[in-house]
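This report concerns only the one structure given below.
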Amino acid sequence: MKNITRKIIKSGIISWAVLFVIWGIVSLFYAESFFPSPVETFVGFKEIVLNGKLWEDISISVQRVLLGWSRALLIGIPVGLLIGRFRIVNWFIEPFINFFRFVPAIGFLTLFLMWFGVGEESKLILITYASIFPIIINTIAGVNTINPVKYQAAESLGANRFQSFITVTVPGAVPSILTGARLGLSTAIISIVGAEMLAANSGLGYLVYTSRLYYRTDWIFVGIVTLGVLGFFADKFLRFVAKKSLKHYGVTG
Amino acid sequence: MSNNTKIKIEHISKKYDVENKALLFTKGNSAHDNFVGHETDYVLKDVNLEIQEGEFHIFLGASGCGKTTLLNIVAGFLNKTEGSVKLDGKEISGPGSERGVVFQNADSAIFPWLTVQKNVEYGLRMRGVKKDERKKIALDAIELVGLKGHEYKYSDELSGGMKQRVQIARSIAANPEVLIMDEPFGALDAQTRRTLQDELINIWKKTGKTILFVTHDIAEAVYLGENISIFSVAPDASIVDKITVPYKYPRDVNDQRVGEFIKYTTEQLENAIRASKAKHTGLQTADNEGESAGNELAEAKSVAV
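Residue numbers (this note's numbering), protein chains in the order written: chain P, 1 to 253; chain Z, 1 to 305.
Structure, rendered in structure tokens:
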């Protein structure tokens with residue numbers, strides 16, 4: 001009995017239930033177009049699920065997030081590994097990283113639109129930009145946590161510097177790379193709203209931004225909740241896969 | 001065992017750099033430059049030693065005496081300040097596969113993302129040896145250290161003693177000229193330590209490798225070594241005495257003569273420490289010197305007695 005209670009509390013169901021109750025109570029004091037209740041939001045949700053609009057928005061946003069995030073991984077991981085391992089790369093690149101990582105992606109939105117057009121490319125670049133910094137920075141941190149004895153072992157077994165980079169630096173940094181990938185994914189999801197606000201005619205960000213024009217506050221809520229749910233499950237999935245497949249690299253979940 | 005000089009150490013001195021000057025690698029990331037000290041004293045001063053091919057040689061000294069520093073110079077992890085270290089007549093500069101290293105801490109030395117067999121194959125893989133041959137050599141080495149049946153395990157499934165066996169097998173498989181061992185059994189329980197000591201003697205007899213073994217444990221030194229180099233204490237540490245252990249393998253620690261020899265070695269080490277303390281402190285009375293030497297030895301003795 002005690003175990004079941006613990007499990008329920010641990011699963012977070014109670015926290016969510018409390019949040020829904022508070023949401024319901026607060027919504028009693030306001031009009032639907034200002035602060036819709038959970039029930040009203042659900043009705044709005046059903047509406048755009050049934051007419052297919054929500055699926056369309058989800059699929060386009062997920063595509064953008066995954067593409068932008070994948071690009072960030074493809075660039076960010078090697079860059080982070082090289083910065084972490086080679087002092088000379090560190091000297092050349094780190095100043096830029098420590099400058100640009102404080103400039104939010106939204107700050108570049110208009111520039112990206114101007115330079116890369118209103119098509120998909122500017123949105124992807126924005127997402128890549130937003131998610132690349134946590135990936136680079138965590139990868140660097142991962143390289144720095146590798147015990148120097150591992151390099152000594154590799155080199156006294158005959159590995160040259162390139163080989164020790166591939167066989168020690170890369171696998172040794174895996175747990176932190178995963179942390180970076182997770183944080184990068186969350187910033188990618190966060191930045192999708194900004195990317196779709198100005199220059200899109202589809203996607204969850206577009207839904208959130210344009211619903212206001214039709215006074216469909218319930219759809220805004222649906223959009224927000226969907227983004228949260230997507231992020232929640234994407235992270236869960238990523239952790240699960242990593243824990244299963246990267247256990248021996250020190251990934252504990 | 002032939003009479004060729006394998007390792008020749010001449011006038012080696014070591015002073016730690018105040019500043020880390022390595023350019024290419026980020027601090028602490030290279031096998032070569034992660035020792036950063038702020039000492040301006042000499043840790044080692046004018047060390048001379050010759051190790052013969054096939055010899056089982058022990059570096060014995062109290063903690064912090066510089067024996068590991070010398071070992072790191074021979075392994076190529078540390079740069080020497082003065083002098084020369086030659087292996088087969090060739091000057092040593094940096095780590096190399098002709099000098100296999102078994103580290104004190106197996107957890108930091110083993111690659112946890114590789115299975116036992118892949119760890120053992122590592123050196124061969126770096127050299128570009130073909131898969132089938134790699135496997136054959138690795139399995140032989142794994143059998144030699146008694147890990148047969150554990151080929152596909154990862155290090156988190158292994159005990160401390162088994163991890164050290166993996167390290168030994170990994171070094172042996174890479175077929176080095178010299179096996180350098182830095183207190184490899186220090187963290188093991190007495191039972192496992194004794195087993196591994198016996199197995200190390202067997203491996204040494206089977207492979208005929210030159211072994212350079214660092215320890216602060218006097219009994220271990222006498223049990224394992226053909227020759228023992230006794231270190232004085234840093235600063236200005238050096239090898240002040242060389243002892244040849246006159247007993248055949250396998251040695252029996254309960255044998256009275258071996259016991260006597262351990263006592264004798266203990267005295268030699270005690271004298272070495274006392275002498276260097278006296279040199280450093282200069283004007284102190286004999287009593288005080290004796291006391292501090294006793295403290296330095298406490299750790300070593302407790303294991304020996």
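Even for Gly, the Cβ is constructed at its ideal location relative to N, Cα and C.
From residue 88 of chain Z to residue 237 of chain P, what distance separates their C-alpha atoms?
Cα to Cα, the separation comes out at about 56 angstroms.
I'd like the list of long-range same chain contacts for residue 252 of chain Z, defined as Cβ closer than 8 angstroms, with 5 residues on each side in sequence excluded.
Same-chain partners within the cutoff: 258.
Would you mind telling me which residues of chain Z sit closer than 7 angstroms to residue 30 of chain P, beta carbon to beta carbon, in chain order?
Here the premise fails: no neighbours, minimum Cβ distance about 55 angstroms.
Within 7 angstroms of any Cβ in chain P, is that where the Cβ of residue 59 of chain Z sits?
It does not; no Cβ of chain P falls within 7 angstroms.
Determine, using beta carbons only, whether residue 266 of chain Z and residue 203 of chain Z come nearer to each other than 7 angstroms.
Contact: no.
Beta carbon proximity, residue 245 of chain P to chain Z, threshold 7 angstroms
It does not; no Cβ of chain Z falls within 7 angstroms.
Just tell me which of Z:193, Z:214, Z:104, Z:127 has its CA closest to the CA of residue 173 of chain Z.
Per the Cα distances, Z:127.
List, in order along the chain, the chain P residues whose C-beta lies closer than 9 angstroms to that of residue 141 of chain Z?
Below the 9 angstroms Cβ cutoff, chain P contributes no neighbours of residue 141 of chain Z, its closest Cβ being approximately 12 angstroms away.
Could you check how far apart the C-beta atoms of residue 125 of chain P and residue 84 of chain P are, in whole angstroms? I think they sit under 8 angstroms.
Contact doesn't hold; Cβ gap of about 25 angstroms is too wide.
Starting from residue 226 of chain P and walking both ways along the beta strand (DSSP E), at which residues does that stretch end?
Following the DSSP letters along the chain, one finds residue 226 of chain P in no beta strand (DSSP E) but inside the alpha helix (DSSP H) bounded by residues 217-245.
Enclosing beta strand (DSSP E) for residue 104 of chain Z [first to last residue]:
Taken as a continuous stretch (DSSP letters only), residue 104 of chain Z belongs to no beta strand (DSSP E), as it is neither H nor E.
Tell me the rounded alpha-carbon separation between residue 214 of chain P and residue 246 of chain P.
Going by the C-alpha atoms only, they are around 47 angstroms apart.
What does residue 193 of chain Z reach in chain P if we use C-beta pairs closer than 9 angstroms?
What residue 193 of chain Z touches in chain P: nothing, since even the nearest Cβ is about 21 angstroms away.
Could you check how far apart the C-beta atoms of residue 228 of chain Z and residue 240 of chain Z are, in whole angstroms? I think they sit under 8 angstroms.
In fact, because the Cβ distance is near 12 angstroms, the residues do not count as touching under 8 angstroms.
Counting only the same chain and skipping the five closest in sequence on each side, list residues whose C-beta sits under 6 angstroms from that of residue 41 of chain Z.
Only 235 meet the Cβ criterion.
Nearest to residue 307 of chain Z by CA position, among Z:155, Z:186, Z:187, Z:168, is which residue?
Absent from the model: residue 307 of chain Z. The displayed extent of chain Z is 1 to 305, so no value can be given.
So with Cβ pairs under 7 angstroms, would you call residue 127 of chain Z a contact of chain P?
Taking 7 angstroms as the CB threshold, residue 127 of chain Z lines the interface with chain P.
The stretch 170-182 of chain P in contact with the stretch 74-88 of chain P per 3-pair CB rule at 8 angstroms:
Put simply, the stretch 170-182 of chain P touches the stretch 74-88 of chain P. At least three CB pairs are less than 8 angstroms apart.
Which residues of the stretch 105-116 of chain Z have a Cβ closer than 9 angstroms to any Cβ of chain P? Give them in chain order.
Those residues of the stretch 105-116 of chain Z that come within reach of chain P (Cβ to Cβ, closer than 9 angstroms) are 105, 107, 108, 109, 110, 111, 112, 113, 114, 115.
Are the C-beta atoms of residue 159 of chain P and some chain Z residue less than 7 angstroms apart?
Residue 159 of chain P has a beta carbon lying within less than 7 angstroms of a beta carbon in chain Z.
Have a look at the DSSP bridge pairing and note the partners of residue 87 of chain P.
For residue 87 of chain P, which the question treats as bridged, DSSP gives no partner whatsoever.
Under 8 angstroms from the C-beta of residue 95 of chain P: neighbouring residues of chain Z:
Those within 8 angstroms of residue 95 of chain P in chain Z number zero; the least Cβ separation is about 15 angstroms.
At 3 residues or longer, and completely inside the stretch 182-254 of chain Z: list those beta strand (DSSP E) runs for me, N to C.
Within the stretch 182-254 of chain Z, the complete beta strand (DSSP E) runs of at least 3 residues are 210-215, 227-231, 239-244.
Residues bridged to residue 115 of chain Z [DSSP beta-bridge criterion]
Partner(s): none; residue 115 of chain Z has no beta bridge.
So which of Z:271, Z:221, Z:13, Z:226 has the shortest CA-CA distance to residue 183 of chain Z?
Per the Cα distances, Z:221.
Coil, strand or helix - residue 48 of chain Z by DSSP
Residue state, collapsed to three classes: strand.
Using Cβ-Cβ distances below 9 angstroms, what residues of the stretch 167-195 of chain P are close to chain Z?
Residues passing the 9 angstroms Cβ filter: 167, 168, 169, 171, 172, 174.
Does the distance from the CB of residue 13 of chain Z to the CB of residue 46 of chain Z come in under 7 angstroms?
Cβ distance < 7 angstroms, so residue 13 of chain Z and residue 46 of chain Z count as in contact.
Using alpha carbons as the reference points, say which of Z:232, Z:216, Z:212, Z:262 lies closest to residue 52 of chain Z.
With distances taken between Cα atoms, residue 52 of chain Z lies closest to Z:212.
Helix, strand or coil for residue 99 of chain Z? Go by DSSP, reduced to three states.
In the displayed model, residue 99 of chain Z falls within a strand according to three-state DSSP.
Contact list for residue 170 of chain Z against chain P, beta-carbon separation under 9 angstroms
Within 9 angstroms Cβ-Cβ: 153, 157.
Which word fits residue 60 of chain Z, buried or exposed, when buried means at least 16 other C-beta atoms lie within 10 angstroms of its C-beta?
Residue 60 of chain Z is buried by the Cβ-count criterion.
Does residue 190 of chain Z get closer than 7 angstroms to chain P when you measure Cβ to Cβ?
Not an interface residue.
Evaluate residue 152 of chain Z with the Cβ neighbour count: other Cβ atoms within 10 Å of its Cβ, from every protein chain shown; 16 or more gives buried, anything less gives exposed.
Under this definition residue 152 of chain Z is an exposed residue.
Give the range of the alpha helix (DSSP H) segment to which residue 112 of chain P is assigned.
Run containing residue 112 of chain P: 109-116, per the alpha helix (DSSP H) assignment.
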